[in-house]
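So this is what it looks like as structure tokens:
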């Protein structure tokens, strides 16, 4: 069954996990309870893990906006997750407005890339900042996306610049909930 | 919470429901057990409903391929579901291959519309055949999509032609599982 090939990734905020929370800023929308640590699981979450805090789930699904040439450029530069040097991470859950989801595919693509340069901007920060996008819109989760970033401590300022650039775009005017969780291990 | 605004639709094949199964053909891939009736629920499925048969769940989610001009053309012609004259329906669950999902957005759009004319073909059968697409790929369901069609008995041949035209396209070479369930009420 195809179903067995699609694994969800579960982020559990609580007292457990290798990632220690350094900061948790609510950028817009409802607050996410502050926790001490974040644990990352593939599919199965041990029952002990979900005491207190929050549980966010997403799927590393097919690409929604990337074109072939962009895919090849990204693939050539993007590092794997879990590099030993990546002792910093960020989990940034995001929800976009109903107005965004009512746009058609060509309109969303035009805002995301032609006008906001989201893909090109991400590319410019590779391989310093490793990134994975988890889709959650169709899962009935509180966020539409969970974005996960990993980088070395000396790249923290570079990562901050990437986030700042994205937040200044037209695309971000459609973001109605965003929480920025900075982590170290 | 945004989560509360996204309802899943659940199709339950068994002994209950207003829709009586006339035919159930496995077009390709694993068979779906033959049932007598199909019931359609929004979100909550009564516990008595799921005895035997199968349960398929999907989300009427945002549009993945339609451009603005196509959206307007569809919106101008597409009828609501539940017309009194629509005493025939079809539920066609579909799974596409890994090769499809590994294509980028521009490649999938080119195959779906520029080369297979999926959207234009559907438009040509409006308002005779009402249609709703439910996304299931990210839900870990056995099918990627559930497509639901409604039409009057005198349009059954027209509907058969629509399905035949779609199955002859390049897009359909990526379909690895398809079941065609014809219903009446």
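Chains as they are written, first to last, in the working numbering: chain A, 17 to 201; chain B, 17 to 201.
Just so it is clear, CB atoms sit at the ideal spot from N, CA and C, and this is done for glycine as well.
Remember, predicted model here, so these are calculated numbers, not experimental data.
If you measure from the beta carbon of residue i to each beta carbon in chain A, is any gap under 8 Å?
i: residue 133 (chain B); result: no
i: residue 75 (chain B); result: yes
i: residue 41 (chain B); result: no
i: residue 190 (chain B); result: no
i: residue 117 (chain B); result: yes
i: residue 82 (chain B); result: yes
i: residue 94 (chain B); result: no
i: residue 24 (chain B); result: yes
Answer yes or no: does any C-beta atom of chain B fall closer than 8 Å to that of residue i?
i: residue 156 (chain A); result: yes
i: residue 14 (chain A); result: As displayed, chain A neither begins before 17 nor continues past 201, which places residue 14 (chain A) out of reach and without an answer.
i: residue 120 (chain A); result: yes
i: residue 123 (chain A); result: yes
i: residue 173 (chain A); result: no
i: residue 36 (chain A); result: no
i: residue 17 (chain A); result: Annotation note: pLDDT 35 at residue 17 (chain A) (below 50); position unreliable, coordinate value reported separately. Yes, its Cβ sits closer than 8 Å to a Cβ of chain B.
i: residue 102 (chain A); result: no
Pull the bridge partners of residue i from the DSSP assignment, please.
i: residue 149 (chain A); result: A:163
i: residue 41 (chain A); result: A:196
i: residue 264 (chain B); result: Chain B is shown from 17 up to 201; residue 264 (chain B) falls before or after that span and cannot be answered.
i: residue 53 (chain A); result: A:30, A:36
i: residue 74 (chain B); result: B:25
i: residue 157 (chain A); result: Looking at the DSSP assignment, residue 157 (chain A) forms no beta bridge with any residue, so it has no partner.
i: residue 47 (chain B); result: Answer by DSSP bridge pairing: none, since residue 47 (chain B) is not bridged.
i: residue 111 (chain B); result: B:193
i: residue 58 (chain B); result: B:25
Which residues in the same chain as residue i place their Cβ atom closer than 6 Å to its Cβ, once the five residues preceding and following it in sequence are excluded?
i: residue 13 (chain A); result: One cannot answer for residue 13 (chain A) here, as it falls past the ends of chain A, which runs 17 to 201.
i: residue 29 (chain B); result: 51, 54, 69, 70
i: residue 116 (chain A); result: 190
Rounded C-beta distance between residue i and residue j? I'm assuming under 8 Å.
i: residue 123 (chain A); j: residue 81 (chain A); result: No, residue 123 (chain A) and residue 81 (chain A) are not in contact; Cβ-Cβ is about 12 Å, not under 8 Å.
i: residue 77 (chain B); j: residue 151 (chain B); result: 4 Å
i: residue 79 (chain A); j: residue 121 (chain B); result: 6 Å
If distances are taken between C-alpha atoms only, which option among the options comes closest to residue i?
i: residue 140 (chain A); options: A:149, A:148, A:174; result: A:174
i: residue 25 (chain A); options: A:118, A:32, A:61; result: A:61
i: residue 103 (chain A); options: A:176, A:35, A:31; result: A:35
i: residue 44 (chain A); options: A:159, A:97, A:100; result: A:159
i: residue 214 (chain A); options: A:42, A:105, A:111; result: The displayed coordinates of chain A run from 17 to 201. Any statement about residue 214 (chain A) would go beyond what the structure contains.
i: residue 165 (chain A); options: A:58, A:95, A:84, A:48; result: A:95
i: residue 176 (chain A); options: A:192, A:63, A:194, A:145; result: A:145
What does a CB cutoff of less than 8 Å around residue i pick up in its chain, not counting 5 residues either side in sequence?
i: residue 38 (chain B); result: 198, 199, 200
i: residue 18 (chain A); result: Its pLDDT being 38, under 50, residue 18 (chain A) is placed unreliably by the model, and nothing is read from it.
i: residue 187 (chain A); result: 127, 128, 131, 132, 134
i: residue 119 (chain A); result: 127
i: residue 90 (chain B); result: 82, 135, 138, 139, 142
i: residue 31 (chain A); result: 51, 52, 53, 67, 68, 69
i: residue 98 (chain B); result: 166
Go through its chain and collect everything with a Cβ distance to residue i's Cβ below 7 Å, but skip five positions before and after it.
i: residue 162 (chain A); result: 27, 72, 74, 107, 109, 150, 152
i: residue 211 (chain B); result: No statement about residue 211 (chain B) is possible, as the shown extent of chain B runs from 17 to 201 and does not include it.
i: residue 23 (chain A); result: 58, 59
i: residue 93 (chain B); result: 139, 142, 143
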